[in-house]
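Each residue of the sequence shown is one higher than the last, beginning at 1 in UniProt numbering.
Glycine included, C-beta positions come from ideal geometry on N, C-alpha and C.
Note sheet for the following structure.
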Amino acid sequence: KSRFLPQTWRTWRELTPREEETVSPGEETVEALLGLVRGPHSPWALVEDSSAEDQFLRELAIQSPLMLKDTFFYSYFRSLRVVDKQVSLVDKDLLKFLNLEELILSANKIKEVNAANLPPTLKVLELYGNEMRSMECLCAHPPPLLQHLGLGHNKLLGPLESLYVTNNYWPNLVSLDLGFNDLTDLQGMMVSLSTLRHLRLLVLQGNPLALVPYYRGLTIDSLTRLCVLDDITVSPNEKHQFRGFSLSGDLLAQEAQFVVTIGSVKGVVDTSIWDPEPGPEGPFITYNYYVTYDFVEEEDGEGSQYGGVLAEVPGRGSEERKSYPPDTRVHRRSRPAVHAGGRSPGCVLSPQIVRPTTSADLVVQELQGEAEEQLCEELREAVADESQESGATELGESELSFISGHSVPLPVPLSAINSAEELAKLRPRMDPRLFPSPGTVLFSTDRRPWADVISFGYEMQHTFKDLVPLKAFLLSGTTVTIVEEKILSWPLVPLPVDILLPDKKGKGEKNKKETDKKNKKEKAEKQPHKEQKVPKKKREIPKELRQDPSVLRVLGSGQVALEPLLAGEPQVSTVCNYGVLRTLESDKLTLARDLKKSKKGVKKEKSKPLMPSYESDYQPEPLTVEVSIQMNQYRTAEEALRLLAPD
Numbered sequence: 001k002s003r004f005l006p007q008t009w010r011t012w013r014e015l016t017p018r019e020e021e022t023v024s025p026g027e028e029t030v031e032a033l034l035g036l037v038r039g040p041h042s043p044w045a046l047v048e049d050s051s052a053e054d055q056f057l058r059e060l061a062i063q064s065p066l067m068l069k070d071t072f073f074y075s076y077f078r079s080l081r082v083v084d085k086q087v088s089l090v091d092k093d094l095l096k097f098l099n100l101e102e103l104i105l106s107a108n109k110i111k112e113v114n115a116a117n118l119p120p121t122l123k124v125l126e127l128y129g130n131e132m133r134s135m136e137c138l139c140a141h142p143p144p145l146l147q148h149l150g151l152g153h154n155k156l157l158g159p160l161e162s163l164y165v166t167n168n169y170w171p172n173l174v175s176l177d178l179g180f181n182d183l184t185d186l187q188g189m190m191v192s193l194s195t196l197r198h199l200r201l202l203v204l205q206g207n208p209l210a211l212v213p214y215y216r217g218l219t220i221d222s223l224t225r226l227c228v229l230d231d232i233t234v235s236p237n238e239k240h241q242f243r244g245f246s247l248s249g250d251l252l253a254q255e256a257q258f259v260v261t262i263g264s265v266k267g268v269v270d271t272s273i274w275d276p277e278p279g280p281e282g283p284f285i286t287y288n289y290y291v292t293y294d295f296v297e298e299e300d301g302e303g304s305q306y307g308g309v310l311a312e313v314p315g316r317g318s319e320e321r322k323s324y325p326p327d328t329r330v331h332r333r334s335r336p337a338v339h340a341g342g343r344s345p346g347c348v349l350s351p352q353i354v355r356p357t358t359s360a361d362l363v364v365q366e367l368q369g370e371a372e373e374q375l376c377e378e379l380r381e382a383v384a385d386e387s388q389e390s391g392a393t394e395l396g397e398s399e400l401s402f403i404s405g406h407s408v409p410l411p412v413p414l415s416a417i418n419s420a421e422e423l424a425k426l427r428p429r430m431d432p433r434l435f436p437s438p439g440t441v442l443f444s445t446d447r448r449p450w451a452d453v454i455s456f457g458y459e460m461q462h463t464f465k466d467l468v469p470l471k472a473f474l475l476s477g478t479t480v481t482i483v484e485e486k487i488l489s490w491p492l493v494p495l496p497v498d499i500l501l502p503d504k505k506g507k508g509e510k511n512k513k514e515t516d517k518k519n520k521k522e523k524a525e526k527q528p529h530k531e532q533k534v535p536k537k538k539r540e541i542p543k544e545l546r547q548d549p550s551v552l553r554v555l556g557s558g559q560v561a562l563e564p565l566l567a568g569e570p571q572v573s574t575v576c577n578y579g580v581l582r583t584l585e586s587d588k589l590t591l592a593r594d595l596k597k598s599k600k601g602v603k604k605e606k607s608k609p610l611m612p613s614y615e616s617d618y619q620p621e622p623l624t625v626e627v628s629i630q631m632n633q634y635r636t637a638e639e640a641l642r643l644l645a646p647d
């Protein structure tokens, strides 16, 4: 009873303490203990993911506790799941589980499995997410009753792996998962898998061999008993469309084909609105815009069909500049682009290739690379050592500025540079986003002038034979960058004196008024002189121009995930959004300039404010670019044969 009794009237006898009655301690009944185990709100309740075996063992410990011995446990368990427990070794103690049918050891550190330590009663074996490099260890003593083998997300590599998936090792195998490894020999794999008479479910996606266009068709036609491929049911229609595909397997090239499409770019600020009008002496400033993306590079250079333009790296020239009149000669300070022939079928761009240079080459070239070859090699080595120590190229003062606007003469002669520190001080700040990542090539669309919607219509096919690095590239994704190119052009030949004096036209008109009363002969003599001063001819762009090295500015850059292509998706389409660059002020200036150039006249615009509703409803458009990467896949056997033998 509580000491804190309610404040009510009681007799003094009730408040007198008494001794408690002695009762034997006793035990709870079996029903009460089972209620504690089965109750959902009990402290001894099972967790949500518990199996029926867990429930049975708890109740067995209450009802018959003397049965719980080692021999009982080893014979009782039929499923053992040890996931993400840093397991690296499967020892012989596993053989104590006499009736074990399912063994799951996923997400551990297992490199090899001694198959002799696997219970012969196993029907399911899962080793996902480990570090296994070969199936050879499992084939030494394979469990004879195994029906499902899961080895996805390991490091299986090499053409010999197909030798370990035959009926000699797995006579009862129904389901096989080898997804997301580095298997490349599709034809050899089909020959071995066709011996598995009971195979009905197969997963091979995520392997390099699944990137070839004929992967699904060849697999379905080679394994006629297959019901599910890569978690997609094999329909009778597919079996009919791919009938006979396996007969031409030897003619199929082991290569993957991708088509990259870049559509329109929106939300670009017209930077030219901030530039002053060019004078007769220049500079004539032009702006071009293009989109770059990186793609994996073949080691021998023969696997890729370049049908477009590889991106220009800072310090190199390009043949795609502003369109001048046909007779205009343009002299460049930078080294000309390197071209290579060849055009892939279906590409809409010219086969112009600009091979990218290293950062060391750019530094030597920016430092007026007319020096001796020996000194250039020393500079390259110095910059290479420095870049390894620093780890990355320096960024500019802001995210959008990275190269100086004009070519500045060197403060010291090239021969006076003796150390990498001095060289780093002279090196221009370059944005690393303008350079390809290691093992990739930077591709570019053609240059386009500014427009509210810049349409590129770029399409390029990439064909690769080395599929293992291609898979690694798809896992990392590609970087898509929008670049602004600023070009300053200057007259090469000095202009005549009359062009340098724009006010002569006014003087000619004034002299004409003063000599209005003179004789006809003097007027006739002055008339041709007047015709020579037509503003249109004076204001034309000079025939011969020289250009400064282009100034590049990154407007936006971002990553595009390509992993869905490995997971079986035929295409990745996205609109990259890089945020808002436009402002109300910049759009006002652009609109005012466009209205000035129109035929409406300037007086109407001066008489009224600049579209007040435009200001109230103003919503700046973000900088976006449309990108699509499609993996070529054959839909029918006839399509594949038609492409193999177009004649």
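Check                                                                                                                       : Outcome
Span of the alpha helix (DSSP H), counted from its first residue to its last, around Asp70                                  : Asp70 to Tyr76
Rounded straight-line distance, which links the Cα of Leu100 to that of Leu122                                              : 6 Å
Between the CA atoms of Gln619 and Tyr578 - distance to the nearest angstrom                                                : 16 Å
DSSP-derived helix/strand/coil call for His240                                                                              : helix
Trp274, buried or exposed, once every other Cβ within 10 Å from all chains shown has been counted against 16                : exposed
Inter-residue Cα distance where the pair is Leu565 and Arg58                                                                : 47 Å
Per-residue burial, Leu251 [other beta carbons within 10 Å of its own, 16 or more giving buried]                            : exposed
Anticipated Cβ contact below 8 Å, Gln205 with Asp185, distance rounded                                                      : Wrong, their Cβ atoms sit about 16 Å apart, outside the cutoff.
Proximity winner among Phe295, Lys486 and Thr479, relative to Gly439 (alpha-carbon distances)                               : Phe295
Alpha carbon of Arg200 to alpha carbon of Leu223, nearest angstrom                                                          : 9 Å
Pick from Asn130, Pro120, Glu238 and Gln559 that is closest to Ile110, judged by C-alpha positions                          : Asn130
Residues near Phe242 in its chain [Cβ-Cβ closer than 6 Å; skip 5 each side]                                                 : Gly217, Ile220, Asp221 and Ala637
Through-space distance from Leu46 to Ser64, alpha-carbon basis                                                              : 19 Å
Burial state of Arg553 (16 or more Cβ within 10 Å)                                                                          : buried
Alpha-carbon to alpha-carbon, Leu151 and Leu211                                                                             : 19 Å
Residues near Val260 in its chain [Cβ-Cβ closer than 6 Å; skip 5 each side]                                                 : Met460 and Ile629
Neighbour-count burial assignment, residue 697, 16 or more Cβ in a 10 Å radius                                              : Lying before the first or after the last residue shown, residue 697 is absent from the chain, which here runs from 1 to 647.
Chain-order list of residues whose beta-carbon lies under 8 Å from that of Gly35 (same chain, five-residue window excluded) : Ser42
Where Thr271 falls: helix, strand or coil (DSSP)                                                                            : helix
Buried versus exposed, by CB contacts within 10 Å (16 or more), Ile454                                                      : buried
In DSSP terms, what Lys486 is bridged to                                                                                    : Tyr287 and Val551
Helix, strand or coil at Val30 [DSSP, three-state]                                                                          : helix
Nearest-angstrom Cβ-Cβ length linking Glu626 and Ile285, presumed shorter than 8 Å                                          : So it is not a contact: roughly 28 Å between Cβ atoms.
Best match in Trp450, His198 and Phe180 for proximity to Leu145 [C-alpha to C-alpha]                                        : His198
Which listed residue (Leu89, Val87, Glu53 and Val82) has its alpha carbon closest to that of Ser75                          : Glu53
C-alpha distance - Leu178 paired with Trp44, whole-angstrom precision                                                       : 41 Å
Alpha-carbon to alpha-carbon, Glu27 and Arg38                                                                               : 19 Å
Sheet register partners of Glu48 (DSSP bridge)                                                                              : According to DSSP, which records beta bridges pairwise, Glu48 is partnered with nothing at all.
Residue closest to Ser573, alpha-carbon to alpha-carbon, out of Phe258, Lys465, Asn288 and Arg78                            : Phe258
Per-residue burial, Phe72 [other beta carbons within 10 Å of its own, 16 or more giving buried]                             : exposed
Alpha helix (DSSP H) segments (min. 4 residues) lying fully within the region 560-604                                       : 563-566 and 584-597
Contact check, Glu621 vs Arg582, beta carbons under 8 Å                                                                     : yes
Three-state secondary structure assigned by DSSP to Met460                                                                  : strand
Helix, strand or coil at Cys376 [DSSP, three-state]                                                                         : Only weak support is given to the placement of Cys376: the predicted model assigns it a pLDDT of 42, under 50, and the value that follows is read from those uncertain coordinates. Looking at Cys376 - three-state DSSP - the assignment turns out to be helix.
Three-way DSSP call (helix, strand, coil) for Met631 in this model                                                          : strand
Local Cβ density within 10 Å of His153, reported as buried at 16 or more and exposed below that                             : buried
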